[in-house]
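Undergrad:
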Amino acid sequence: MRLILLGAPGCGKGTHSAWMVEELGIPQISTGDILRDAVKEGSELGRQARSYMDSGELVPDSVILGLMRGRMAQPDAARGFILDGFPRTIPQAEGLNGALGDAGMKLDRVLQINVARDELIHRLTSRRVCPNCKAVYNLDFKPPKQGDICDACGASVVQRDDDREATVAQRLEVYERQTAPLIDYYIARGLVAVIDGNQGYAHTRAEIETALGREAKR
Ligand SMILES: [Zn+2]
Numbered sequence: 000m001r002l003i004l005l006g007a008p009g010c011g012k013g014t015h016s017a018w019m020v021e022e023l024g025i026p027q028i029s030t031g032d033i034l035r036d037a038v039k040e041g042s043e044l045g046r047q048a049r050s051y052m053d054s055g056e057l058v059p060d061s062v063i064l065g066l067m068r069g070r071m072a073q074p075d076a077a078r079g080f081i082l083d084g085f086p087r088t089i090p091q092a093e094g095l096n097g098a099l100g101d102a103g104m105k106l107d108r109v110l111q112i113n114v115a116r117d118e119l120i121h122r123l124t125s126r127r128v129c130p131n132c133k134a135v136y137n138l139d140f141k142p143p144k145q146g147d148i149c150d151a152c153g154a155s156v157v158q159r160d161d162d163r164e165a166t167v168a169q170r171l172e173v174y175e176r177q178t179a180p181l182i183d184y185y186i187a188r189g190l191v192a193v194i195d196g197n198q199g200y201a202h203t204r205a206e207i208e209t210a211l212g213r214e215a216k217r
């Protein structure tokens with residue numbers, strides 16, 4: 000099963016790709032991980048990527064696509080994969096089509112997890128992190144046991160600058176602006192399954208399982 004997972008920050012993408020990786024036995028492939036690995040391995044494409052990153056530039060689509068092709072050809076991706084954070088642009092989506100076509104493969108589904116904007120803002124601004132041990136909390140559903148004290152190490156938890164309301168609103172706007180054309184692109188190809196991510200883990204998971212043609216189960 001070859002999937003793309005789309006959803007704004009805070010939509011629950013991480014949570015849901017985790018169980019899909021387990022249940023479907025396919026890897027989650029993210030641009031960030033691939034870039035990190037390529038740079039670490041020092042491959043030719045990795046060196047190219049690094050030179051852009053070191054100079055603070057965006058890594059061009061051609062480099063990212065080359066790395067993606069390599070990653071999708073790994074044995075663990077033979078039965079499929081979940082793409083997260085890629086493609087981000089129409090040229091990347093077309094490059095992906097080409098790469099899959101060359102390999103005699105095609106995409107099965109684009110899962111778009113939809114969560115209302117107010118709910119996303121609420122979820123993201125409720126996040127707290129421990130600056131010492133990096134533990135992550137949420138004031139709603141996973142608060143520290145005592146006030147703002149980290150359960151794991153006793154340091155005071157804080158709100159990251161990224162999680163403040165003004166920044167969150169801006170991140171969501173950027174996401175929507177970038178992703179809207181991509182969603183249209185895949186809707187036109189009949190691949191998009193819209194998932195309601197507003198109603199908690201079990202409900203969202205059941206919708207994903209239905210979209211994947213699997214029997215819903217908890
Ligand atoms: Zn801590």
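Under numbering that gives the first Met the number 0, the first residue of the sequence shown carries the number 0, and numbering increases by one thereafter.
We treat Cβ as the ideally placed atom computed from N, Cα and C, and that holds for glycine.
For residue 149, verify whether its CB is less than 7 Å away from any heavy atom of ligand 1.
TA: Translated into positions along the sequence shown, residue 149 becomes position 150. Between ligand 1 and the CB of residue 149, the shortest heavy atom gap is smaller than 7 Å.
Undergrad: From what residue to what residue does the beta strand (DSSP E) around residue 4 run?
TA: For the purposes of this step, residue 4 is identified with residue 5 of the sequence shown, where counting begins at 1. From DSSP, the beta strand (DSSP E) with residue 4 extends over 1-6.
Undergrad: Taking only three categories from DSSP, how would you classify residue 49?
TA: Taking the sequence shown and counting its residues from 1, the one referred to as residue 49 is at position 50. Helix.
Undergrad: On the DSSP bridge list, what partners appear for residue 154?
TA: As a first step, residue 154 must be located in the sequence shown, where it is residue number 155. Beta-bridge pairing links residue 154 to no other residue.
Undergrad: Can you grab the Cα-Cα spacing for the pair residue 163 / residue 129, in whole Å?
TA: Here residue 163 corresponds to residue number 164 of the sequence shown, with the count starting at 1. Here residue 129 corresponds to residue number 130 of the sequence shown, with the count starting at 1. If you take the alpha carbons of residue 163 and residue 129, they lie about 16 Å apart.
Undergrad: Using alpha carbons as the reference points, say which of 201, 208, 200, 185 lies closest to residue 96.
TA: Indexing the sequence shown from 1 puts residue 96 at position 97. With distances taken between Cα atoms, residue 96 lies closest to 185.
Undergrad: Pull up the CB-CB distance for residue 110 and residue 207, whole angstroms please, since I reckon it's below 8 Å.
TA: By 1-based counting over the sequence shown, the position of residue 110 is 111. By 1-based counting over the sequence shown, the position of residue 207 is 208. Contact holds; Cβ gap of about 6 Å.
Undergrad: Measuring CB to CB, does residue 158 end up less than 8 Å from residue 127?
TA: Reading the sequence shown from its first residue, position 159 is the one you call residue 158. Reading the sequence shown from its first residue, position 128 is the one you call residue 127. Against a cut-off of 8 Å, the Cβ pair of residue 127 and residue 158 comes out as a contact.
Undergrad: Would you check if there are 3 or more beta carbon pairs closer than 8 Å linking the stretch 35-44 to the stretch 85-102?
TA: no
Undergrad: Since residue 96 is in the alpha helix (DSSP H), which residue starts that stretch and which ends it?
TA: As a working note, residue 96 is residue 97 in the sequence shown. Residue 96 -> alpha helix (DSSP H) spans 89-101.
Undergrad: Could you name the residues of the same chain whose beta carbon sits closer than 8 Å to that of residue 59, not counting the 5 residues immediately before and after it, in chain order?
TA: Along the sequence shown, read from residue 1 onward, the residue named residue 59 stands at position 60. 51.
Undergrad: Across which residues does DSSP place residue 12 in a beta bridge pair?
TA: Taking the first residue of the sequence shown as 1, we reach residue 12 at position 13. Per DSSP, none; premise fails for residue 12.
Undergrad: Can you round the beta-carbon distance between residue 3 and residue 113 to whole angstroms, since I take them to be within the 8 Å contact cut?
TA: Position 4 of the sequence shown, counted from the start, is the residue given in the question as residue 3. Position 114 of the sequence shown, counted from the start, is the residue given in the question as residue 113. Not really, about 15 Å apart at Cβ, beyond 8 Å.
Undergrad: Check whether the Cβ of residue 134 lies closer than 7 Å to any heavy atom of ligand 1, and answer yes or no.
TA: Looking up residue 134 in the sequence shown gives position 135. Result yes, Cβ under 7 Å from ligand 1.
Undergrad: Within 10 angstroms of the Cβ of residue 155, are there 16 or more other Cβ atoms? Answer buried if so, exposed if not.
TA: Start at 1 with the first residue of the sequence shown, and residue 155 comes out as number 156. Residue 155 should be labelled exposed.
Undergrad: Write down the C-beta distance between residue 83 and residue 12 rounded to the nearest angstrom, noting that I regard them as a contact closer than 8 Å.
TA: Residue numbering aside, residue 83 sits at position 84 when the sequence shown is read from its first letter. Residue numbering aside, residue 12 sits at position 13 when the sequence shown is read from its first letter. Indeed, because the Cβ distance is near 6 Å, the residues count as touching under 8 Å.
Undergrad: Where does residue 57 fall in DSSP's three states?
TA: Stepping through the sequence shown from its first residue, residue 57 is reached at position 58. Looking at residue 57 - three-state DSSP - the assignment turns out to be coil, as it is neither helix nor strand.
Undergrad: Do you know whose CA, among 35, 136, 202, 53, lies nearest residue 70's CA?
TA: Reading the sequence shown from its first residue, position 71 is the one you call residue 70. Nearest option by C-alpha distance: 35.
Undergrad: In terms of residue numbering, what span does the beta strand (DSSP E) encompassing residue 195 cover?
TA: Position 196 of the sequence shown, counted from the start, is the residue given in the question as residue 195. Counting along the chain, the beta strand (DSSP E) containing residue 195 begins and ends at 191-195.
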